[in-house]
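Below is one structure; the comments refer to it alone.
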């Protein structure tokens, strides 16, 4: 932040903070490049990033597999049939 204020030179800041002047300049440049992203008006996406339809399909598939496996284990006598 001190580099942005401009009260001191890069050399003075480097001495004060025990850093190389290039490091301070690099950080200052990164900060100034990133500031524009903060103030940009990016439209919010109305579509969720996750595909709800595929998640519902996966839930259905896993439910069927679970029910099938529970039935198979119950028939083999490895799972009590009155679980609920």
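Numbering (the numbering used here), first residue to last: 8 to 91. Glycine included, C-beta positions come from ideal geometry on N, C-alpha and C. Because the structure is a prediction, the values reported are computed rather than measured.
Problem set entry | Simplified DSSP state of residue 57, which is helix, strand or coil | Position 50 of the chain shown, counted from the first residue, corresponds to residue 57. Of the three classes helix, strand and coil, the one that applies to residue 57 here is coil, per DSSP.
For this session: Can you give me the Cβ contacts of residue 73 inside the same chain, cut-off strictly under 7 Å, excluding the 5 residues immediately before and after it?
Result: Numbered from 1 along the chain shown, position 66 holds the residue referred to as residue 73. Hits under 7 Å: none found.
Exercise. In this structure, does DSSP put residue 14 in helix, strand or coil?
Worked result: Looking up residue 14 in the chain shown gives position 7. Coil at residue 14, not helix or strand.
Exercise. At a cut-off of 7 Å, is residue 61 close to the ligand PLP when judged by its beta-carbon and the heavy atoms of the ligand?
Worked result: Annotation note on the ligand PLP: not contained in the displayed structure, which lists no ligands.
Exercise. For residue 13, which of 35, 43, 71, 25 has the nearest alpha-carbon?
Worked result: In the chain shown, counting from the first residue as 1, residue 13 sits at position 6. Of 35, 43, 71, 25, the residue nearest in Cα terms is 35.
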